[in-house]
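In full-length UniProt numbering, the protein residues as written are 1 to 619. Where is the CB? At the ideal position from N, CA and C, for every residue including glycine. A quick write-up on the structure given underneath.
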Amino acid sequence: MTRPTPETLAHSARRARTVAEAPGDTDHVPAATPVRPAPAQVSGAGSLVRSLEALGVDVVFGIPGGAILPAYDPLYDSTVRHILVRHEQGAGHAATGYAQATGRVGVCIATSGPGATNLVTPIADAHMDSVPMVAITGQVARPAIGTDAFQEADIQGITLPITKHNFLVQEASEIPRVLAEAFHLASTGRPGPVLVDIPKDVLQASTTFTWPPTPDLPGYRPTLHPHGKQIREAARLMSNARRPVLYVGGGVLKAGATEGLRKLAELTGIPVITTLMALGAFPDSHRQHLGMPGMHGTVAAVYGLQKADLIVALGARFDDRVTGKLDTFAPDATVVHADIDPAEIGKNRHADVPIVGDARHVIDELLAAVTTERAAGRGTDLADWWTQLDDLRERYPLGYEESSDGTLAPQYVIKRLGEIVGPDAIYVAGVGQHQMWASQFISYEKPKTWLNSGGLGTMGYAVPAAMGAKVGKPDTVVWAIDGDGCFQMTNQELATCALEGIPVKIAVINNGNLGMVRQWQTLFYGERYSNTDLGTHKHRIPDFVKLAEALGCVGLRCENVEDVDKTIEAAMSINDAPVVIDFVVGKDAMVWPMVAAGTSNDEIMFARGVRPVFDEDEL
1 MTRPTPETLA
11 HSARRARTVA
21 EAPGDTDHVP
31 AATPVRPAPA
41 QVSGAGSLVR
51 SLEALGVDVV
61 FGIPGGAILP
71 AYDPLYDSTV
81 RHILVRHEQG
91 AGHAATGYAQ
101 ATGRVGVCIA
111 TSGPGATNLV
121 TPIADAHMDS
131 VPMVAITGQV
141 ARPAIGTDAF
151 QEADIQGITL
161 PITKHNFLVQ
171 EASEIPRVLA
181 EAFHLASTGR
191 PGPVLVDIPK
201 DVLQASTTFT
211 WPPTPDLPGY
221 RPTLHPHGKQ
231 IREAARLMSN
241 ARRPVLYVGG
251 GVLKAGATEG
261 LRKLAELTGI
271 PVITTLMALG
281 AFPDSHRQHL
291 GMPGMHGTVA
301 AVYGLQKADL
311 IVALGARFDD
321 RVTGKLDTFA
331 PDATVVHADI
341 DPAEIGKNRH
351 ADVPIVGDAR
361 HVIDELLAAV
371 TTERAAGRGT
381 DLADWWTQLD
391 DLRERYPLGY
401 EESSDGTLAP
411 QYVIKRLGEI
421 VGPDAIYVAG
431 VGQHQMWASQ
441 FISYEKPKTW
451 LNSGGLGTMG
461 YAVPAAMGAK
471 VGKPDTVVWA
481 IDGDGCFQMT
491 NQELATCALE
501 GIPVKIAVIN
511 NGNLGMVRQW
521 QTLFYGERYS
531 NTDLGTHKHR
541 IPDFVKLAEA
551 LGCVGLRCEN
561 VEDVDKTIEA
571 AMSINDAPVV
581 IDFVVGKDAM
591 VWPMVAAGTS
601 NDEIMFARGV
611 RPVFDEDEL
């Protein structure tokens, strides 16, 4: 096994910066920090780096190249730590993981052409999951734009549909203002990615650096405080409903509204359902938590939404994976929909009470309004509703079957990982069966402890996102739970982790296949397993232990139930290098429950061929 040299680790330690906790309120522009006295003239590249310093950026993830190279010279002397990744996609996902773990803006840098286009997937991922990220790309010199110059790509046009906003900087004097605007846009309102494309000659031009700049964003005024009339109507409905649910999305986490959510839930006694993106917003162990809804949600959560007479949606967007066949979703429910993005309200499901506002302010004002309702003696007894939901929880708990061939059950591995590591760690998942099992069998008690690619479903997300999360939270244990398919897409970033002293831990759930695709082939394609066998079981290609060691990590393997605990504990004892565990598990395990794509939530399957029985007359 190759480990980083003491000199490399010492250099990484010197370069590391302590990450300051960001305030929970993301409604403010990042505070300007004092900057060293600037000379009368700097280059555009110098202005860029000084702008990053003034914005409080402590780390960026990137790869140099021709068009962005001028920016790397002043970066050499900067207080900003640069982490050299092995692929630009890794830089983008690392910036996302950093942002999701810390609440701060993540920053990635790439050169023009292929460097910039390699950021497209992580930018789209951040856009779908509302993650604050600024991507800085080099561009060919202004006279060459539009000539098909070497490494030219219209990254501004390419990313137009997947960014909150993007800029093509035309003058070096604009750089401080554009950077300040980019960070403000990324971190306020509904967070999202912003791209700043800077031509090479602009980076090389001479300019005067001044800070702070005067932002110029006419018309950009996110609505933070909801309208009082809608709040009062929502409180009235909550006080009269017989089968209400709180449908909680990732917007509650983004707004730092988790404490208010708990108070609102406990005040009203209403069941809470948290989406895949909202796990940790409400403690899994809380009596009122029904779990996750949707395609692989709990039976109680799916039916709770389906049979509700009132849905109070907070920072959620009625995604197709939650609603199933849309025209059959929650047919008897009145909908209160609160979101900071007015475009989401009514987009998929009509909102009877639309509320535009930041989730924290919405919840705080709902608390006050519901308290007024209760003081006036208005409120509904939810005992019958809870009796029905508790019956479902008892009859249809999350569980799994042991494999008939004696192979290791992946659900058991993930369950034990969560129990041994505990609720203070950060868990980062790739996409597929392992992602769903990680959402089901690990208990999330705290916000920002569960990171995953929800909306875009990006394979290859986990390893670089875990790297970014660990950089942002160096004192927190960070585990990536990945599949053997996902892991092979971006595992080269483990070399970055080894060299930069970023000791992430990776659990590879190795079932030898593209597991979720195989599950669909089992259920819907007559067990015709076309091109889903990865060869990691039959041929051990690659050998994940040897690969881990080649990348400067500690490699471990576990193939039986007796070794699960001690293997996890061995990984937990290693803190001076990244660790990879190859968990060799059975290939036939399935994710249950399941609502097949395009079908109604009423058709949820608890296991293959098994549908829950529910007495609708009781509702």
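Item: Please specify which runs of the beta strand (DSSP E), each continuous and at least 3 residues long, are wholly inside the stretch 185–232, giving them in chain order.; Value: 193–199
Item: Can you tell me whether DSSP reads G346 as helix, strand or coil?; Value: coil
Item: Taking the beta carbon of V613 as the centre, do at least 16 other beta carbons fall within 10 Å, making it buried, or is it exposed?; Value: exposed
Item: Is there contact between the stretch 490–499 and the stretch 120–127, where contact requires at least three CB pairs shorter than 8 Å?; Value: no
Item: Closest by CA to V579, which one among M292, G501, A607 and D284?; Value: G501
Item: Is the CB-CB distance between A308 and P218 below 8 Å?; Value: no
Item: Specify the secondary structure class of residue 621 as computed by DSSP and reduced to three states.; Value: With the chain represented from 1 up to 619, any question about residue 621 goes unanswered, as that position is not in the structure.
Item: Decide if F150 is buried, meaning its Cβ has at least 16 other Cβ atoms within 10 Å, or exposed.; Value: exposed
Item: Exposed or buried, which one is K538 when buried takes at least 16 other CB atoms within 10 Å?; Value: exposed
Item: Could you give the residue range of the beta strand (DSSP E) that holds F583?; Value: V579 to V584
Item: Considering only C-alpha positions, which residue in the set D154, A359 and M516 is nearest to G189?; Value: A359
Item: Quick one: what does DSSP say K566 is sitting in, helix, strand or coil?; Value: helix
Item: Under 6 Å Cβ to Cβ from T387, same chain only, skipping five residues before and after it: list those, please.; Value: none
Item: Over the uninterrupted beta strand (DSSP E) stretch that includes L314, give me the two end residues.; Value: L310 to L314
Item: Answer with buried or exposed for A375, where buried requires no fewer than 16 other C-beta atoms within 10 angstroms of its C-beta.; Value: exposed
Item: By alpha-carbon positions, which one of L52, L408, R86 and Q156 ends up nearest to A71?; Value: L52
Item: Can you name, in chain order, every residue of its own chain whose Cβ lies under 7 Å from the Cβ of T186, other than the five neighbours on each side?; Value: The sequence as given places Ala at residue 186; Thr does not occur at that position. Result list for A186: V105, P132, M133, V134, K164, G192, P193 and V194, in chain order.
Item: On the premise that V140 lies in contact with A67, defined as a C-beta separation below 8 Å, what is that separation, rounded to the nearest angstrom?; Value: 6 Å
Item: Report the three-state DSSP secondary structure of T334 (helix, strand or coil).; Value: strand
Item: Does DSSP put M605 in a helix, a strand or coil?; Value: strand
Item: What's the C-alpha gap between A498 and L84?; Value: 12 Å
Item: Apply the 10 Å Cβ neighbour rule to K229 and answer buried if 16 or more other Cβ atoms are within range, or exposed otherwise.; Value: exposed
Item: Could you tell me which residues DSSP puts in a beta bridge with P82?; Value: Here residue 82 is His; the residue named in the question, Pro, does not match the sequence. Answer is V60, bridged to H82.
Item: Of all the options L314, G304 and T407, which has the alpha carbon lying nearest to the alpha carbon of D332?; Value: G304
Item: Taking all protein chains shown into account, decide if Y76 is buried (16 or more other Cβ within 10 angstroms of its Cβ) or exposed.; Value: exposed
Item: Within 10 Å of its beta-carbon, does T26 have 16 or more other beta-carbons around it, so buried, or fewer, so exposed?; Value: The predicted position of T26 is uncertain, since its pLDDT is 38 and thus under 50; no value can be drawn from it.
Item: Which class does T275 belong to by DSSP, given the choice of helix, strand or coil?; Value: coil
Item: Compare the beta carbon distance of L547 and A571 with 8 Å and say whether it is the shorter of the two.; Value: no
Item: Buried or exposed: which applies to K566, given that a residue is buried once 16 or more other Cβ atoms fall within 10 Å of its Cβ?; Value: exposed
Item: On the three-state DSSP scale, how would you describe I155?; Value: helix
Item: Which residue's Cα is closest to the Cα of T496: K470, A343, G485 and K347?; Value: K470
Item: Is it buried or exposed for T268, if we count other Cβ within 10 angstroms and need 16 for buried?; Value: buried
Item: For R349, count neighbouring Cβ atoms within 10 angstroms of its own Cβ and tell me buried if that reaches 16, exposed if not.; Value: buried
Item: Throw me the rounded Cβ distance for the G552 and G515 pair, which I believe falls under 8 Å.; Value: Not confirmed; about 28 Å, so no contact.
Item: Which runs of the beta strand (DSSP E), 3 residues or longer, sit entirely within the stretch 91–173?; Value: 106–110, 133–139 and 165–168
Item: Looking only at its chain, what residues have a beta carbon closer than 6 Å to the beta carbon of Y444, apart from the 5 residues adjacent to it on each side?; Value: L279, G280, D284 and W450
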